[in-house]
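Trainee: All letters in the sequence shown, in the order written, are residues 22 to 778 by this note's numbering. Cβ coordinates follow ideal geometry from the N, Cα and C atoms, glycine included. Note that this is a predicted model, so its numbers are computed, not measured.
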Amino acid sequence: MMVRRFLLSAALAWPGVALAQAVTEVQVAPPSVTIKVGERNGLLATAFDRVGNVIPTARVIWSSNNVAVAKVDNNGTVTGIGGGVAIIEARVGARKGTAAVQVVGSPPAAAAANPATQPAAPAHPTGEPAGAPGADPLAGQLAGTGPAAVLRIEPPTIYLLPSENTRAAPRALKDDGTPAAPVPVTWKSLRPDIASVDQNGVIVALAPGQGTVQVTSAGGLTATAPVVVQQAEIAVQEPVPLVMSPGDVDTLHVAVPSQGGRLVSPLALQWSTADATVARVNLTGIVTPVAPGRTTLTVAGLLQTKTVEVVVHRTVEQLAVSPSYKADVPLPIQGTVKFTVQGLAADRTPVPEAQFRWIVGDTTLAGFDPASGTLTGKRAGKTTLTVKGPGPGLSVTWPIRVIAAGLKLSASRLGVSLARHVPLRASFADESGGVIGPATGVSWASDNPSVATVAEDGTVATTGYGHARVTATAPGGRRAVAEVFVQGEIVVASSRSGRLQLYAAERANLAQLRKVMDDTATATEPAFSPDGSRLAFTSTRDGQPEVYVMDADGTNAQRLTNSPGLDGDPSFSADGQAVLFHSQRTAHRQIYVQPITSSVAVPVTQEPADNSQPSMSPDGEVIAFVSNRDGNNHIWLMAKDGTNQHPFTRGQQTKESAPHFLRDGTLAYLVEQKEGGRTSTQVVKADLTTGKIGPLAATDLMVTDFAVSGVGDLLGLVVAVQKNVLRVYIQPIGAGGAPVAIPTSGAEQMVSPAFMP
Numbered sequence: 022m023m024v025r026r027f028l029l030s031a032a033l034a035w036p037g038v039a040l041a042q043a044v045t046e047v048q049v050a051p052p053s054v055t056i057k058v059g060e061r062n063g064l065l066a067t068a069f070d071r072v073g074n075v076i077p078t079a080r081v082i083w084s085s086n087n088v089a090v091a092k093v094d095n096n097g098t099v100t101g102i103g104g105g106v107a108i109i110e111a112r113v114g115a116r117k118g119t120a121a122v123q124v125v126g127s128p129p130a131a132a133a134a135n136p137a138t139q140p141a142a143p144a145h146p147t148g149e150p151a152g153a154p155g156a157d158p159l160a161g162q163l164a165g166t167g168p169a170a171v172l173r174i175e176p177p178t179i180y181l182l183p184s185e186n187t188r189a190a191p192r193a194l195k196d197d198g199t200p201a202a203p204v205p206v207t208w209k210s211l212r213p214d215i216a217s218v219d220q221n222g223v224i225v226a227l228a229p230g231q232g233t234v235q236v237t238s239a240g241g242l243t244a245t246a247p248v249v250v251q252q253a254e255i256a257v258q259e260p261v262p263l264v265m266s267p268g269d270v271d272t273l274h275v276a277v278p279s280q281g282g283r284l285v286s287p288l289a290l291q292w293s294t295a296d297a298t299v300a301r302v303n304l305t306g307i308v309t310p311v312a313p314g315r316t317t318l319t320v321a322g323l324l325q326t327k328t329v330e331v332v333v334h335r336t337v338e339q340l341a342v343s344p345s346y347k348a349d350v351p352l353p354i355q356g357t358v359k360f361t362v363q364g365l366a367a368d369r370t371p372v373p374e375a376q377f378r379w380i381v382g383d384t385t386l387a388g389f390d391p392a393s394g395t396l397t398g399k400r401a402g403k404t405t406l407t408v409k410g411p412g413p414g415l416s417v418t419w420p421i422r423v424i425a426a427g428l429k430l431s432a433s434r435l436g437v438s439l440a441r442h443v444p445l446r447a448s449f450a451d452e453s454g455g456v457i458g459p460a461t462g463v464s465w466a467s468d469n470p471s472v473a474t475v476a477e478d479g480t481v482a483t484t485g486y487g488h489a490r491v492t493a494t495a496p497g498g499r500r501a502v503a504e505v506f507v508q509g510e511i512v513v514a515s516s517r518s519g520r521l522q523l524y525a526a527e528r529a530n531l532a533q534l535r536k537v538m539d540d541t542a543t544a545t546e547p548a549f550s551p552d553g554s555r556l557a558f559t560s561t562r563d564g565q566p567e568v569y570v571m572d573a574d575g576t577n578a579q580r581l582t583n584s585p586g587l588d589g590d591p592s593f594s595a596d597g598q599a600v601l602f603h604s605q606r607t608a609h610r611q612i613y614v615q616p617i618t619s620s621v622a623v624p625v626t627q628e629p630a631d632n633s634q635p636s637m638s639p640d641g642e643v644i645a646f647v648s649n650r651d652g653n654n655h656i657w658l659m660a661k662d663g664t665n666q667h668p669f670t671r672g673q674q675t676k677e678s679a680p681h682f683l684r685d686g687t688l689a690y691l692v693e694q695k696e697g698g699r700t701s702t703q704v705v706k707a708d709l710t711t712g713k714i715g716p717l718a719a720t721d722l723m724v725t726d727f728a729v730s731g732v733g734d735l736l737g738l739v740v741a742v743q744k745n746v747l748r749v750y751i752q753p754i755g756a757g758g759a760p761v762a763i764p765t766s767g768a769e770q771m772v773s774p775a776f777m778p
């Protein structure tokens with residue numbers, strides 16, 4: 022019959038030794054134990070003085086109140102005699118401690134043939150070798166094969182409170198760290214005043230300090246482990262107060278927070294309840310609620326006492342939840358949805374003390390914060406959120422659809438002229454930027470209301486020239502920003518400051534020109550990006566004409582091109598992320614495309630002729646340009662990659678230049694022809710699909726260049742008013758209005774008009 026030895030006595034009776042300390046408390050561990058008839062178990066009695074020090078020389082007198090159930094010898098070894106419960110008492114002088122022993126069953130068969138059922142021997146005096154009855158030199162070792170190369174102790178460091186005990190295990194290992202065949206070992210304490218150890222590896226803390234236990238194999242392998250004995254506060258691990266429902270069962274655990282939160286063996290503790298009509302607790306900390314109310318549980322042991330408040334609430338019959346669980350709950354990534362649950366009693370009144378447990382089906386998709394009741398999306402997919410109430414069958418599950426959604430605005434950059442209203446829309450978007458659906462509950466703000474304000478519905482109103490950041494914030498903190506640049510609707514190059522510089526004006530006040538920026542040299546040929554937020558232009562600030570790009574308010578100018586050839590006539594690609602221009606890097610001008618974030622320009626024409634003035638269609642598929650490869654300047658078309666180059670206009674009597682795509686995909690360009698010895702010019706518009714061509718506006722002015730607004734309602738005409746004198750006229754389209762010159766003074770030249778889209 023196997024002997025169940027949970028603990029061995031470390032406070033031995035040493036006859037003839039007088040007590041140098043007065044005993045104030047005796048503790049017996051474990052405080053309760055269950056054994057079978059004929060089975061033996063060792064109890065540990067520890068005596069303490071008034072300050073909590075262990076008295077190792079105390080003489081213990083053991084007794085049983087019911088020897089028909091269990092008897093105990095002078096070493097604390099209990100033997101089961103018959104079914105029932107006996108109280109085992111350990112007395113030192115006038116002080117005593119007790120343990121409850123429950124004996125069950127009948128004697129196991131062939132008990133006498135099993136040497137393990139022989140009476141348990143007392144622990145050896147600290148440091149003595151193995152060999153005493155009851156010691157197993159192979160106890161606690163893992164099964165393995167092959168010779169051992171090293172010996173280890175598990176755990177590698179032992180933390181104990183004074184009078185606490187634990188069992189360490191030897192580990193015989195091979196060179197590769199795998200278990201070797203078990204080897205006989207002996208145990209020894211190198212600081213017997215701090216901690217003792219028996220030959221089964223049971224360590225008993227005797228006094229505060231740091232000791233060392235050593236294990237040695239028969240072959241000479243040795244291992245040591247520090248034993249740290251320190252007085253420290255114990256604490257109940259579970260949150261308090263403990264809230265329970267009738268019918269629940271919970272187990273309380275006691276830990277030592279300052280020692281890594283390790284758990285204290287329940288056998289070293291004793292639990293009791295102040296009111297068993299509210300909640301019961303057994304000796305190992307298992308709590309069973311009885312009826313609604315409040316009570317206090319007490320745990321005592323290791324010279325400490327702690328209390329736990331217990332609240333038993335009314336039985337919850339059903340759950341009231343929000344939102345509805347009958348349909349998928351959409352949840353954007355990084356977004357949140359709030360969930361609420363309330364327990365209701367049989368009379369449908371709330372049970373506010375009720376506790377709930379929340380479970381996310383896949384925590385890689387979403388995370389839940391029980392304190393706030395919010396579910397946060399992590400990555401796209403489908404999962405569930407379940408809440409379980411305090412009782413059987415009380416459970417609600419929501420299907421959750423996590424959407425890969427960020428907050429996206431209808432425009433991230435926006436160029437707008439003065440006194441305009443432009444709507445911004447906020448949407449949820451997937452990881453690729455695709456819009457999933459409109460975003461609700463969005464708040465809007467502008468960091469510069471003197472330039473642009475924003476209404477609650479996202480409508481931006483421009484109030485002054487400059488730059489503003491409009492921020493949209495969705496519930497959960499997701500944000501999206503639109504950069505708003507407010508600039509004059511018409512930009513021209515004027516020499517009014519002595520050299521050609523860029524100026525801006527509104528159609529309603531052409532006389533009031535504002536300088537866009539100060540260039541150190543000349544700045545001409547402005548071109549707006551499709552969203553109006555950027556301007557490309559040609560400048561000689563670095564010695565020769567190069568293409569630059571800046572924000573529409575005239576800030577953040579950056580040089581785009583850098584080549585020995587002369588660069589000019591910039592225009593933007595349909596997506597605004599690249600600039601088309603011509604460059605004379607070879608014997609002839611050719612057309613190049615260069616991303617605004619790159620220093621690499623890609624040629625799209627390489628013919629032995631001049632190719633210039635590129636303009637890309639709104640769909641980004643066609644480039645119109647001017648080429649003289651047939652002798653005269655004519656409009657040619659090609660695919661965006663430079664393939665399929667073919668003429669759109671022909672004729673020996675005409676020249677065409679300045680192609681500009683309108684927002685509707687039609688192409689405007691300038692036609693120059695001679696009639697009766699006189700040169701005339703006309704701006705026309707062509708439908709590329711049908712080939713139909715018609716005039717945009719009638720004028721007798723000598724036009725050398727032009728620009729057209731994106732919606733096609735205004736023309737900006739560069740007119741040679743006399744030899745070597747150029748002016749810019751603004752002319753409405755379709756209303757029969759006459760051209761109006763932008764006012765100039767003196768010898769001022771004005772060229773290169775451009776319209777904000």
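Identify, in the order they occur along the chain, each residue of the same chain with its Cβ nearer than 6 Å to the Cβ of residue 767, setting aside the five sequence neighbours on each side.
Mentor: There are no such residues.
Trainee: How many angstroms separate the CA atom of residue 59 from the CA atom of residue 121?
Mentor: Each residue's Cα considered, the two are about 17 Å apart.
Trainee: Could you check if residue 380 is buried or exposed, using at least 16 other CB atoms within 10 Å of its CB as the buried criterion?
Mentor: Answer is exposed; the Cβ neighbour count stays below 16.
Trainee: Give the secondary structure of residue 471 by DSSP, where H, G and I count as helix, E and B as strand, and everything else as coil.
Mentor: Coil, per DSSP.
Trainee: Counting Cβ pairs closer than 8 Å, one from the segment 157–173 and one from the segment 193–207, do we hit at least three?
Mentor: Output reads yes: the segment 193–207 touches the segment 157–173.
Trainee: Given this structure, state the Cα-to-Cα distance separating residue 142 from residue 177, to the nearest angstrom.
Mentor: Low confidence applies to residue 142: its pLDDT is 33, below 50, so where it sits in the model is not reliable enough to give any reading.
Trainee: Around the C-beta of residue 661, are 16 or more other C-beta atoms found within 10 angstroms, so that it is buried, or is it exposed?
Mentor: With 16 or more other Cβ atoms within 10 Å, it is buried.
Trainee: In whole angstroms, what separates the C-alpha of residue 829 from that of residue 420?
Mentor: Outside the displayed span of the chain (22 to 778) sits residue 829, for which this structure offers no information.
Trainee: Can you tell which of 640, 255, 196 and 298 has its C-alpha closest to the C-alpha of residue 170?
Mentor: Ranking 640, 255, 196 and 298 by Cα distance to residue 170 puts 196 first.
Trainee: Can you name the start and end residues of the beta strand (DSSP E) that residue 353 belongs to?
Mentor: Segment 350–353, the beta strand (DSSP E) holding residue 353.
Trainee: For residue 612, count the other beta carbons within 10 Å of its own beta carbon; 16 or more makes it buried, fewer makes it exposed. Which is it?
Mentor: Its Cβ being crowded by 16 or more others within 10 Å, residue 612 is buried.
Trainee: Among 297, 306 and 55, which has the Cα closest to the Cα of residue 314?
Mentor: Of the listed residues, the one whose Cα sits closest to residue 314 is 297.
Trainee: Is it buried or exposed, residue 404, if we count other Cβ atoms within 10 angstroms and call 16 or more buried?
Mentor: With 16 or more other Cβ atoms within 10 Å, it is buried.
Trainee: Rounded to the nearest angstrom, how far is the Cβ of residue 651 from that of residue 629, given a contact under 8 Å?
Mentor: Actually they do not touch by this definition, with Cβ atoms about 12 Å apart.
Trainee: What is the rounded straight-line gap between the Cα of residue 715 and the Cα of residue 708?
Mentor: Rounded to the nearest angstrom, the two C-alpha atoms are 9 Å apart.
Trainee: Going by other Cβ atoms of all chains shown within 10 Å of its Cβ, with 16 needed for buried, is residue 601 buried or exposed?
Mentor: Classification for residue 601: buried.
Trainee: Could you tell me whether the segment 275–284 touches the segment 229–243, where touching means 3 or more Cβ pairs closer than 8 Å?
Mentor: Segments in contact, no.
Trainee: Any C-beta of chain D sitting closer than 9 Å to the C-beta of residue 606?
Mentor: In the displayed structure, chain D is absent; only one protein chain is listed.
Trainee: How is the beta strand (DSSP E) around residue 307 delimited, first residue to last?
Mentor: Its beta strand (DSSP E) spans residues 307–310.
Trainee: Look at the alpha carbon of residue 719 and the alpha carbon of residue 755, and state the distance between them as a whole number of angstroms.
Mentor: C-alpha separation (whole angstroms): 10 Å.
Trainee: So residue 91 packs on residue 79, CB below 8 Å; how close in whole Å?
Mentor: Between residue 79 and residue 91 the Cβ distance is about 23 Å, and since that is not below 8 Å, they are no contact.
Trainee: Express the C-alpha separation of residue 599 and residue 619 in angstroms, rounding to a whole number.
Mentor: Computed Cα separation, rounded: 9 Å.
Trainee: Would the segment 475–492 count as touching the segment 566–578 if we require 3 or more Cβ pairs under 8 Å?
Mentor: These segments touch.
Trainee: Return the first residue and the last residue of the beta strand (DSSP E) that residue 88 is part of.
Mentor: First-last for residue 88: undefined, no H or E at that position.
Trainee: From which residue to which residue does the beta strand (DSSP E) around residue 363 run?
Mentor: Per DSSP, residue 363 belongs to the beta strand (DSSP E) from 361–365.
Trainee: Is the beta carbon of residue 552 closer than 9 Å to that of residue 597?
Mentor: Cβ distance < 9 Å, so residue 597 and residue 552 count as in contact.
Trainee: Can you look up residue 759 in the DSSP assignment and give me helix, strand or coil?
Mentor: Residue state, collapsed to three classes: coil.
Trainee: I'd like the span of the beta strand (DSSP E) that includes residue 215, first residue to last.
Mentor: Counting along the chain, residue 215 falls outside any beta strand (DSSP E), and DSSP gives it neither H nor E.
Trainee: Suppose the cutoff is 6 Å on Cβ atoms and the five residues either side in sequence are ignored; what does the same chain contact list for residue 84 look like?
Mentor: Around residue 84: 110.
Trainee: Grouping DSSP H, G and I as helix and E and B as strand, with all else coil, what is residue 634?
Mentor: Residue 634: strand per DSSP, three-state reduction.
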